[in-house]
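Below is one structure, written out as structure tokens, with a few remarks after it.
There are 2 protein chains.
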Amino acid sequence: MINFTVGPVQSSDAVRAVGAEQVPYFRTAEFSKLMLENERLVKKFAHTTEDSRVVFMTCSGSGGMETAIMNCLTKQDKALVINGGSFGERFVELLTLHEIPFSEIKLEHGKALKPEHLDPYEGKGYTAFLLQKHETSTGVHFDIKLVSDFCKRNNCFLIVDTISTFLADPFDMADLDAGVMITGSQKALACPPGIAVIALAPSALKRIENNKCRCQYLDLKLALKNQERGQTPWTPAVGVLRQINVRLKEIDTAGGDKYEIERTAHLAQYFRDKLKEHNLPFEIISESLSNAVTPLHPKTQSAFEIFLKIKDEYGMWICPNGGDMKDTVFRVGHIGYLSEADYDKLIEAFLDLRKKGFI
Amino acid sequence: MINFTVGPVQSSDAVRAVGAEQVPYFRTAEFSKLMLENERLVKKFAHTTEDSRVVFMTCSGSGGMETAIMNCLTKQDKALVINGGSFGERFVELLTLHEIPFSEIKLEHGKALKPEHLDPYEGKGYTAFLLQKHETSTGVHFDIKLVSDFCKRNNCFLIVDTISTFLADPFDMADLDAGVMITGSQKALACPPGIAVIALAPSALKRIENNKCRCQYLDLKLALKNQERGQTPWTPAVGVLRQINVRLKEIDTAGGDKYEIERTAHLAQYFRDKLKEHNLPFEIISESLSNAVTPLHPKTQSAFEIFLKIKDEYGMWICPNGGDMKDTVFRVGHIGYLSEADYDKLIEAFLDLRKKGFI
């Protein structure tokens, strides 16, 4: 099977080789060293300030989103959140559950964020801003510079979900003055799922220090305290953390985040060019594309039927959408261990489906 | 390295082979089928009632403990908890954090639970009971029959942490009328860490239905709803779940939980006999042993120094203790992919340390 979804994605041979090893005991100096190296490399690739911190939580990316909210926001905040798809909707659900006062900027699926969307909220006392830098469900890459500038002007604490865009599109946490960056092990980090990675600027560390987290398992005070010595309060997904280590060093050796972003951008462009070249009956639905994924509306067949066909008859996974986008949108990912040759096979499958009159 | 800790433990070749594979996309009928098979086999080995359910949460065992408390208990409960070591202490912390009224039966490290410990709480209106069936930190295997009988007489909802004892010692959830059983992927399930397995009796399902969980990520209503079709609300540790599937089927083919428990009991007895045979300067500190681990107090050297020596000079991990037991207790585990020959090597190392005057 070739995997073009947006996670779990394909891992490199070196990462898979670690998966075959016995998982070592981890309350050791050896594992602590590895964890501190993981922290150092994530800080480097996220371009954090020197006094920022990184923790690794054994949970999904959504668990990471909730962790950020539970630890960094309080009922005294007044938050602004971009809701442009399933993951924006999840932020809304979480803010509601945790009783954080908020306003929601609801964007039509596929639409970009524009200055006029933010204008009404200028100078209105908002204290926090949450968004997906890349709304994975619709493939819209929001203008983070626009949001960052708003936050700087309005003194807003910025929480950025970069789950599917970290290492796929440029991100400079220090320059954007973001408080929190969240990503997951199974996106462009291209490791098995199980770990959420959370980078925390000093502004976040201060909020965490002054807050009481109502969930021990997701308590960042405990995670930060343990990570000082490269440890975790609870048994983490040790295997995945070792794979993350191999992967981060692989990227570092190849040229860092810049290299990985360029590689991903190249694959995305290669696929998009082929789509156009063959005039396939798919419409790109996003006004602002990330390198991570191409979201497509098939004009002649149900998106979910195409997903099933490609899986069952061609041995490849494209990424289906859920909910009300199930029949109208599928996505083709560009993160993970993929090559031009893989896309050639996918394009061939699409051409074959057209020849057969399926699309 | 040979791993005698109590988790992560050593995995079988078949489980490791899955670790080397690419992690597949999981929103598929194929993965759903695997998850439903996992549920069926855990129910079988835990001897649940037919109408019980099992969910798989991407978190540590401690995350599973907190999940049980957040979803099944409320401020209207009056809980009784056994605190006989680090994990009993964790239950106490969690009940405190979540403001569940409780009384604590504090047992000296190493001491068994006896009827007289429970007598004062008889007929006092307790509604819930929490305990470690096996307090992993001290290696004390509590008398679960005693607790179960108390719960039946007093109409108490029983939450059992079987994290390190599931598949190592007998457990019959239906017979004990337990409401919740919690275990983890990295104990006798002998897979990498990352998944907490939670079995829920109908009494638990009813409590969950009537409760509002204050954490979306750990919300069992969502987990149960998704598991109806073999799915999870958030991206789970797909790789570990596939390894659990291979492992559960391995156990099933070999003869089920009975076989695995006997195998573990045999290894534990083999090691304990050898200790005695060679008159090693270690004292077993538990009044009531589990098959999962042998907790030892070294009479002639710091436990932590022995751990380091065995790791650095003999290439084996025994299990160190933390906190105030750091220098006085180490543990030797019997769960995971271990053989008599492995124990022969450990005994040889101990004999060598004695010859050198280190112990």
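Chains V and X are the protein sequences, given in the same order. Here this note's numbering is used: the first residue of the first sequence is 1, the next is one more, and so on. Here this note's numbering is used: the first residue of the second sequence is 1, the next is one more, and so on. Note that beta-carbon positions come from the ideal geometry of N, C-alpha and C, so glycine has one too.
Practice task
Kindly say whether Gly125/X, judged by its beta-carbon, lies nearer than 8 Å to any beta-carbon of chain V.
Solution key: Chain V contact via Cβ: absent.
Handout entry: Within 7 Å of chain X by C-beta, residues of the stretch 221-240 of chain V in sequence order
Key = Correct list: Trp234, Thr235, Pro236, Ala237, Val238, Gly239 and Val240.
Handout entry: Helix, strand or coil at Cys156/V according to DSSP, with G and I counted as helix
Key = When DSSP states are grouped into helix, strand and coil, Cys156/V belongs to the coil group.
Practice task
Pull up the distance between the alpha-carbon of Ser288/X and that of His117/X, whole angstroms please.
Solution key: The alpha-carbon atoms of Ser288/X and His117/X are separated by roughly 15 Å.
Problem - Exposure of Asn245/V, with buried meaning 16 or more beta-carbon neighbours within 10 Å - result: Its Cβ being crowded by 16 or more others within 10 Å, Asn245/V is buried.
Exercise for the section: Indicate whether Tyr25/V and Gly63/X have their beta-carbon atoms separated by less than 8 Å. Expected result: Cβ distance not < 8 Å, so Tyr25/V and Gly63/X don't count as in contact.
Practice task
Mind listing the chain V neighbours of Thr74/X? Cutoff is C-beta to C-beta under 9 Å, in chain order.
Solution key: Simply none; closest approach about 15 Å.
Exercise for the section: Determine which residues share a DSSP beta bridge with Asn83/X and list them. Expected result: For Asn83/X, which the question treats as bridged, DSSP gives the partners Lys106/X.
Handout entry: Given Cys319/X as reference, the closest of Arg16/V, Thr28/V and Val9/V once Cα atoms are compared
Key = Taking only the C-alpha atoms, the option nearest Cys319/X is Thr28/V.
Practice task
Would you mind listing the beta strand (DSSP E) stretches within the stretch 107-141 of chain V that are 3+ residues and don't spill past its ends, in chain order?
Solution key: Taken in chain order, the unbroken stretches of beta strand (DSSP E) that lie wholly in the stretch 107-141 of chain V and span 3 residues or more are 128-132.
Exercise for the section: Confirm the yes/no value for this check: CB of Ile82/X, any heavy atom of the ligand NAP, distance under 7 Å. Expected result: Although the ligand NAP was asked about, the structure shown includes no ligands whatsoever.
Handout entry: Supposed close pair Lys206/V, Thr127/V - CB separation, criterion 8 Å
Key = Not quite, the Cβ-Cβ distance comes to about 13 Å (not below 8 Å), so this is no contact.
Practice task
Measuring only between beta-carbons, confirm whether Pro101/X sits less than 8 Å from chain V.
Solution key: Closer than 8 Å: no.
Handout entry: Members of the stretch 42-62 of chain X near chain V, C-beta cut-off 8 Å
Key = Those residues of the stretch 42-62 of chain X that come within reach of chain V (Cβ to Cβ, closer than 8 Å) are Thr58, Cys59, Ser60, Gly61 and Ser62.
Exercise for the section: Apply the 10 Å Cβ neighbour rule to Gln76/V and answer buried if 16 or more other Cβ atoms are within range, or exposed otherwise. Expected result: Here Gln76/V is exposed. Its C-beta has fewer than 16 other C-beta atoms within 10 Å.
Problem - Straight-line Cα distance separating Ala196/V from Thr235/X - result: Here the alpha carbons of Ala196/V and Thr235/X stand approximately 11 Å from one another.
Exercise for the section: Please report how far the alpha carbon of Phe91/X lies from the alpha carbon of Tyr270/V, in whole angstroms. Expected result: When rounded, the distance between both Cα atoms is 54 Å.
Handout entry: N- and C-terminal bounds of the alpha helix (DSSP H) containing Glu262/X
Key = Its alpha helix (DSSP H) spans residues Gly256 to Glu277.
Practice task
Verify whether the separation of the beta carbon atoms of Val180/V and Ala292/V is less than 8 Å.
Solution key: With contacts defined as CB atoms closer than 8 Å, Val180/V and Ala292/V fail to qualify as a contacting pair.
Exercise for the section: Count the other C-beta atoms from every protein chain shown that fall within 10 angstroms of the C-beta of Leu308/V, then say buried if there are 16 or more, exposed otherwise. Expected result: A residue is called buried once 16 or more other Cβ atoms fall within 10 Å of its Cβ, and Leu308/V, having fewer, is exposed.
Problem - Below-8 Å beta-carbon distance, Val197/V vs any chain X residue - result: Chain X, which has no Cβ nearer than 8 Å to the Cβ of Val197/V, makes this no.
Problem - 8 Å Cβ cut-off: residues of chain V touching Val360/X - result: Summary: the structure shown does not reach residue 360/X, with chain X confined to residues 1 through 359, and so no result is reported for it.
Practice task
Note down, in chain order, every chain X residue with its Cβ under 8 Å from the Cβ of Ala17/V.
Solution key: Within 8 Å Cβ-Cβ: Ala20.
Practice task
May I ask you to report which of helix, strand or coil DSSP gives Cys59/X?
Solution key: Coil.
Exercise for the section: Take the Cβ of Lys276/V as the centre, count every other Cβ of all protein chains shown within 10 Å, and call the residue buried at 16 or more, exposed below. Expected result: Exposed, by the Cβ-count rule.
Practice task
In the DSSP assignment, find the unbroken alpha helix (DSSP H) run with Ile208/X in it and report its ends.
Solution key: If you look at Ile208/X, you'll find it in the alpha helix (DSSP H) that goes Pro202 to Glu209.
Exercise for the section: Please determine, among Met316/X, Asn210/X and Ile284/X, the residue with the shortest C-alpha to C-alpha distance to Val329/X. Expected result: Cα-wise, what sits closest to Val329/X is Ile284/X.
Exercise for the section: Kindly indicate if chain V contains any beta-carbon less than 8 Å away from that of Asn3/X. Expected result: Look at Asn3/X: its C-beta is under 8 Å from a C-beta on chain V.
Handout entry: C-beta neighbour in chain A for Gln132/V, strict 8 Å
Key = Note that chain A does not occur in the displayed structure, where the protein chains are V and X.
Exercise for the section: Give the interface partners of Arg27/V over in chain X, defined as CB-CB distance under 8 Å, in chain order. Expected result: Under the 8 Å cutoff, chain X gives Pro320 and Gly322.
Handout entry: Cβ pair Tyr337/V, Ser11/V closer than 8 Å
Key = Here Tyr337/V is near Ser11/V, since their CB atoms are less than 8 Å apart.
Practice task
Identify, in the order they occur along the chain, each residue of the same chain with its Cβ nearer than 8 Å to the Cβ of Lys299/V, setting aside the five sequence neighbours on each side.
Solution key: Taken in chain order, the residues that qualify are Pro281, Phe282 and Glu283.
Practice task
Could you say if the stretch 163-182 of chain V and the stretch 242-262 of chain V meet the contact criterion of at least three C-beta pairs nearer than 8 Å?
Solution key: A contact exists between the stretch 163-182 of chain V and the stretch 242-262 of chain V.
Exercise for the section: Please say whether Cys213/V and Cys215/X have beta carbons closer to each other than 8 Å? Expected result: Their beta carbons are not under 8 Å apart, which means Cys215/X does not touch Cys213/V by this criterion.
Exercise for the section: Check Cys372/V in the structure and name its three-state DSSP category. Expected result: Lying before the first or after the last residue shown, residue 372/V is absent from chain V, which here runs from 1 to 359.
Exercise for the section: Please list the partners that Leu93/X has in chain V, where partner means a Cβ-to-Cβ separation under 9 Å. Expected result: Residue identity check: residue 93/X is Glu in the sequence provided, not Leu. Ordered by position in chain V, the residues that pass the 9 Å Cβ test against Glu93/X are Gln216.
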